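Q: Mind the numbering: the sequence shown is residues 101 to 526 in the working numbering, read in order.
For each residue, glycine too, the CB sits at the ideal point set by N, CA and C.
In this text, all values refer to a predicted model and were calculated from it rather than measured experimentally.
Structure below; questions to follow.
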Amino acid sequence: MIETRDGYAPQKPETLGAYLSGIDAVRRILGGTPGQWSIAEVGDGNLNLVFIVKGPSGGVAVKQALPYVRLVGESWPLPLSRAHYEHMALTWQARLTGALTPAIRHYDETLALIVMELLEPHIIMRRGMIAGVEYPKFSADISRFMARTLYFTSDLALTADRKKALIAAFADNTALCKITEDLIFTDPYRVAELNRWTSPQLDPYAARWRGDGDLKVAVSRLKLKFLSSAEALLHGDLHTGSIMLTPEDTRVIDPEFAFIGPMGFDVGAVVANFLVNFFAQDGHEAQPGARDSYRGWVLSTLERIIALFREAFLQLWRDNPTGDAYPVSLFQGPDGEARLAVERQAYMDRLWTDTVGFAAAEIIRRILGLAHNIDLEWIEDKDRRATCEARALTLARDMMVNAERYPTIQSVTDAARRIRQDMARY
Ligand code: SR1
Ligand code: MG
């Protein structure tokens, strides 16, 4: 059933101006009179309305939840409460990371609407990476974002009562979690109405995925972890479409899928979307080899992200052992400290193994499931696209089934380079 709520109505450019003119903080940012404001709906995401509003003095971005999935239509109802979770997650992330999120100018729970800072001249990272733009600050920014949001919302930093309160605060974001549970961990491995792929080129791959017992077991283990491991506050959809940036400034947007889940899911989303972009470059270069240097940037940046994330997370743990997990009192004296240092490395190794599996699941669903990436979708020549996709699927299958063969990010990037070299065609 489509949700209705007293006072809720989807905004249109004609109604939004009047609404915003009633909010002092927004009126001051825009300047002039509402008649001088330009308002355009620009949303190209899967779920929501997004408006850009500009006035004589400045601009804002307005995001409003619809009571259904925009990509599919009213046949797929979705609760408006996702704006509540997005607002709450943005508030946490802003507190923990400073300027790595868009500033919130106004929040309206009834309208399920968030007014945010207009990020200009930022663009969606996925688009920048398709165009071959390098972002020198990104590895430092995203590793800091992940380390701080994941560490400070985990049991390593929070006392048990605060951690449980955090779990409770996000526990009802079930509809958004269900999208992930179905679209990432289930549908690509079974016949599902919404699945799609580059056909007929990848038909044999789709069929193989539905008949592969090893893959089904591996993805089911990951799904169980996603369902049951309340490790930290996740962004929940940390792909390159959820990042707006310039070479100088990075902002993480869109945390409406936020909930308390396994950390490797967020880190894996970044890994997966970099790998997909790496494989997609063959479909975007003007002549073979033209994007070699960019491919090098993509993989070396990914390696740096993971190294910096590990370093930053460990440093936060050493400096802020404030949670109820690994009580300081148990690890005093030189022997205790040494044991804890070893255990911290083991913790990071387990997190990395989770990351490999979750990255694989994200790659697979972007090729065989409902929601695809423009990195691949924009490759017009279907044979070329299918070759890029088949290489990504080949790597992802092995990462998922044989995660232990990928103990480091270098082992993943080496395999990506190798598969690209060796696999001439889908
Ligand atoms: C029906 S929503 C499909 C996808 O869009 C969002 O960005 C999430 O990635 C979700 O899985
Ligand atoms: Mg989104």
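1. I need the boundaries of the alpha helix (DSSP H) containing Leu250, first residue and last residue.
2. If you draw a straight line from the C-alpha of Asp208 to the C-alpha of Glu103, how long is it?
3. On a CA-only basis, which of Val428, Ala492, Trp417, Ile214 is nearest Leu120? Give me that one, please.
4. Does the ligand SR1 have even one heavy atom less than 7 Å from the beta-carbon of Ala471?
5. Which of the three DSSP states is assigned to Glu437 in this structure?
6. Can you list, in chain order, the residues of its chain whose CB lies under 7 Å from that of Cys277, leaving out five sequence neighbours each side?
7. Mind checking who Tyr168 pairs with in its DSSP beta bridge?
8. Does Lys163 come out as helix, strand or coil in the three-state DSSP assignment?
9. Considering only C-alpha positions, which residue in the set Ser299, Gly198, Thr298, Leu283 is nearest to Ala292?
10. Ignoring anything shorter than 3 residues or poking outside the region 389-414, list the beta strand (DSSP E) runs there in chain order.
11. Between the C-alpha atoms of Pro177 and Leu302, what's the straight-line distance to the nearest angstrom?
12. Mind reading off the beta-carbon distance from Leu256 to Trp417? Whole number of angstroms is fine, and I expect it under 8 Å.
13. Report the option in Ala212, Phe458, Leu130, Pro202 whose CA atom is closest to the CA atom of Arg105.
14. Taking the alpha-carbon of Asn420 as reference, which of Gly232, Ala247, Lys316 has the nearest alpha-carbon?
15. Helix, strand or coil for Val376, going by three-state DSSP, please let me know.
16. Could you check if Asp354 belongs to the surroundings of the ligand MG, using beta carbon to heavy atom distance under 7 Å?
17. Roughly how far, in whole angstroms, is the beta-carbon of Ala516 from the beta-carbon of Leu495, given that I think they are within contact range, below 8 Å?
18. Would you say Ala527 and Gly436 are within 8 Å of each other, going by their C-beta atoms?
19. Going by Cα to Cα distance, which pick from Phe326, Leu294, Asp287 is closest to Trp309?
20. Taking Ile230 and Trp478 to be in contact with their CB atoms under 8 Å, please state how far apart those CB atoms are, rounded to whole angstroms.
21. With DSSP as the reference, label Ala203 as helix, strand or coil.
22. Suppose you measure from the CA of Ala327 to the CA of Arg205; what does that come to, to the nearest Å?
23. As a quick exercise: from Val367, Pro347, Leu440, Arg351, pick the residue whose alpha carbon is nearest that of Phe431.
24. Compute the minimum distance between the beta carbon of Ile279 and the heavy atoms of the ligand SR1, and state whether it is under 7 Å.
25. List the whole-angstrom C-beta distance separating Ile463 from Val376, where the pair is believed to meet the contact cut-off of C-beta under 8 Å.
26. Could you check the C-alpha separation between Arg128 and Pro221 for me, to the nearest Å?
27. For Ser320, does the three-state DSSP call read helix, strand or coil?
28. Tell whether a beta-carbon distance below 8 Å holds between Leu200 and Val352.
29. Do three or more CB pairs link the region 260-280 to the region 331-339 at distances below 8 Å?
30. One question on the structure: do Val162 and Val153 come within less than 8 Å of each other, judged by their Cβ atoms?
31. If we count Cβ pairs, one from each stretch, closer than 8 Å, do we get three or more for the region 188-200 versus the region 235-254?
32. Assuming Pro347 and Pro507 make a contact with CB atoms under 8 Å, what is their CB distance in whole Å?
33. So, for Ile509: in the same chain, excluding its five sequence neighbours on each side, which residues have a beta-carbon less than 6 Å away from its beta-carbon?
34. Leaving out five residues on either side along the sequence, give the residues of the same chain with a beta carbon under 7 Å from the beta carbon of Thr422.
35. Just grab the DSSP bridge partners of Met216 for me.
36. If you count every other CB in all the chains shown that lies within 10 Å of the CB of His366, and 16 or more means buried, which is it?
A: Taking the coordinates as given:
1. 238-251
2. 17 Å
3. Ile214
4. yes
5. helix
6. Phe359
7. Pro177
8. In the three-state reduction of the DSSP assignment, Lys163 falls in the strand class.
9. Selected option, being the one with the closest Cα: Leu283.
10. none
11. Distance between the alpha carbons of Pro177 and Leu302 is about 30 Å.
12. 6 Å
13. That would be Ala212, whose Cα lies nearest to the Cα of Arg105.
14. Ala247
15. helix
16. yes
17. 6 Å
18. Past the boundaries of the shown model lies residue 527; the chain is included only from 101 to 526, so the question cannot be answered.
19. Asp287
20. 6 Å
21. coil
22. Checking the sequence shown, residue 327 turns out to be Leu, not Ala. Cα to Cα, Leu327 sits roughly 33 Å from Arg205.
23. Leu440
24. yes
25. 6 Å
26. 21 Å
27. helix
28. yes
29. yes
30. yes
31. yes
32. Actually they do not touch by this definition, with Cβ atoms about 32 Å apart.
33. Glu403, Ile406
34. Answer for Thr422: Ala257, listed in chain order.
35. Ala161, Ile204
36. Before going further, note that residue 366 is Asp rather than His in the sequence given. Label assigned to Asp366: buried.
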